[in-house]
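For reference, the structure is listed below as structure tokens.
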Ligand SMILES: [Zn+2]
């Protein structure tokens, strides 16, 4: 018996990392999402999702991976794919955190496939499913895990290591197989508020002496790397623990946000990724310090209520979405456990409010008072120019007097800066380095080991510390 390794996706894309380790009859899958690429989304605003064929269609268009033994027979019949019922492998999926590119497809899995997700992520996913913002996940096969509590599955031992303890929590995974040790970083961030966790991860992994390191290399792409190294020459990336100029830490970013908000004379609205409860918490805190009232749209307010057990302020945009939701249990529960902020209240005193405005409700800006008003773009969709909706956002903003401002870019804040990632990798010094989750994985160079970019869907035997094509 020998451990087999297969990478299915996520090598040359931002997100969507999926790889498997198989030993005897047990298979582990790490992550189960798809990369974020709105420009290539087959479901544009015209094409509709089919009902009976939802999963077959998703496999066909590559929105979920083509892997034997994980979909139920009724969902993959006629696809030359072995169904879960027909497979003799038992599969377990590990989710590092609640970003869609790491878990968006778990609702498509057959019930026999076990899913490991930490309790904070489960709490937020349940709230998302209740408000209709989820991924159609039923929670029938979900299991908890905790930081540094090893999980035994067949011959594998999986140790989740905590990177971020706030919001939905972020983890990496250290995996021991009878043939060696593998570490997968998940999203790797080294300049965040809890960076000591990630340096602790580095020390733990260093001691474990992994044979293979799969490492997030998002920030090695042109648009980010060129800010630090104009010609993007990977040999010029010098390993360092320090934040490189002109980049800033998450702490500095929050300070800038606070300073900017404190200078505003009118209404402030913000557009953020509603799963990021840490940011929701920051907006509440900034508001309290600046004498503003922070109000969320109902869907987000429900998550804030469920996650922090507080009574949030709610601003209900003029939308069919909420008249239709009025009878839903989650909406009723929210109304009983929140304070409503009305448009009239905001118009009377705009400088005392900080209001969430997601892109789907952007026309709300036509009603909100816009004298001296600010629109803070804080990682909400559309995130950047690569999304066709980004131009539309600015087109609409131009029809108002809202001033656009941002300190965010997910690629800057959500992923480690190249010199710091290089430091992390050099300290661990793995014999085999697989950079992934990146447009330019080839730019993350190892010190002593080899850089290995596996062929997708090709199975490798993990033998004597090497990966050999099967
Ligand atoms: Zn990611």
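Numbering (our numbering), first residue to last: 68 to 537.
Beta carbons: idealized from backbone N, C-alpha and C, even for Gly.
If you're wondering where the values come from, they're calculated on a predicted model, not measured in any experiment.
Kindly identify the DSSP beta-bridge partner or partners of residue i.
i           : result
residue 530 : 533
residue 247 : 244
residue 422 : 336 and 362
residue 161 : 97 and 183
residue 75  : Answer is none; residue 75 lacks a bridge partner.
residue 381 : 363 and 407
residue 523 : DSSP, once it has assigned bridges, lists no residue as partnering residue 523.
residue 279 : 249 and 499
residue 209 : 182
residue 239 : 228
residue 518 : 500
residue 70  : 529
Would you kindly report the start and end of the unbroken alpha helix (DSSP H) that includes residue i?
i           : result
residue 264 : 262-275
residue 126 : 121-127
residue 168 : 167-170
residue 411 : 410-415
residue 347 : 344-357
residue 291 : 289-295
residue 156 : Note, residue 156: premise wrong, no alpha helix (DSSP H); not H, not E.
residue 456 : 456-465
residue 326 : 317-330
residue 387 : 387-392
residue 141 : 140-143
Considering residue i, what are the terminal residues of the beta strand (DSSP E) in which it resides?
i           : result
residue 186 : Counting along the chain, residue 186 falls outside any beta strand (DSSP E), though it belongs to the alpha helix (DSSP H) covering 186-197.
residue 502 : 499-503
residue 361 : 360-363
residue 219 : 218-220
residue 227 : 223-231
residue 470 : 470-473
residue 103 : Taken as a continuous stretch (DSSP letters only), residue 103 belongs to no beta strand (DSSP E), as it is neither H nor E.
residue 33  : The structure shown has nothing for residue 33, since the chain only spans 68 to 537.
residue 88  : 85-90
residue 444 : 441-445
Just to confirm, are residue i and residue j a CB contact at a threshold of 8 angstroms?
i           : j           : result
residue 358 : residue 438 : no
residue 425 : residue 364 : yes
residue 162 : residue 180 : no
residue 444 : residue 471 : yes
residue 410 : residue 381 : no
residue 311 : residue 484 : yes
residue 398 : residue 392 : yes
residue 408 : residue 377 : no
residue 486 : residue 306 : yes
residue 95  : residue 235 : no
residue 206 : residue 183 : no
residue 100 : residue 171 : yes
residue 519 : residue 535 : no
residue 139 : residue 130 : no
residue 218 : residue 225 : yes
residue 316 : residue 385 : no
residue 528 : residue 69  : yes
residue 467 : residue 432 : yes
residue 247 : residue 532 : yes
residue 239 : residue 268 : yes
residue 164 : residue 82  : no
residue 523 : residue 74  : yes
With a threshold of 7 angstroms, establish whether the CB of residue i neighbours any heavy atom of ligand 2.
i          : result
residue 84 : Ligands in the displayed structure: ligand 1; ligand 2 is not one of them.
Shorter than 8 angstroms from the beta carbon of residue i to some beta carbon of chain B?
i           : result
residue 151 : Within the model displayed, chain B is absent; a lone protein chain is all it includes.
Inset, instruction - Would you check if the region 120-129 and the region 180-194 touch, i.e. whether three or more CB-CB distances between them fall below 8 angstroms? - result: Counting Cβ pairs under 8 angstroms, fewer than three are found: no touch.
Inset, instruction - Report yes or no: do the region 280-292 and the region 249-265 share at least 3 C-beta pairs separated by less than 8 angstroms? - result: Counting Cβ pairs under 8 angstroms, three or more are found: they touch.
Legend entry - Neighbourhood of ligand 1 [Cβ distance below 6 angstroms to any heavy atom], ordered by chain position: In chain order, the residues positioned with their C-beta nearer than 6 angstroms to some heavy atom of ligand 1 are 82, 166, 168, 169, 254 and 504.
Legend entry - Three CB pairs or more closer than 8 angstroms across the region 264-276 and the region 483-500: When Cβ pairs closer than 8 angstroms are counted between the two stretches, the region 264-276 is seen to touch the region 483-500, the count reaching three or more.
Legend entry - Inter-stretch contact (C-beta, 8 angstroms, three-pair minimum) for the region 261-269 and the region 283-296: Contact check between the region 261-269 and the region 283-296: fewer than three CB pairs, one atom from each, fall below 8 angstroms, which does not count as touching.
Inset, instruction - Inspect the CB distances between the region 448-460 and the region 412-423 and report whether three or more fall short of 8 angstroms. - result: At 8 angstroms Cβ cutoff, the stretches do not touch.
Inset, instruction - Report yes or no: do the region 339-347 and the region 191-202 share at least 3 C-beta pairs separated by less than 8 angstroms? - result: Because the criterion of three Cβ pairs below 8 angstroms is met, the region 339-347 and the region 191-202 touch.
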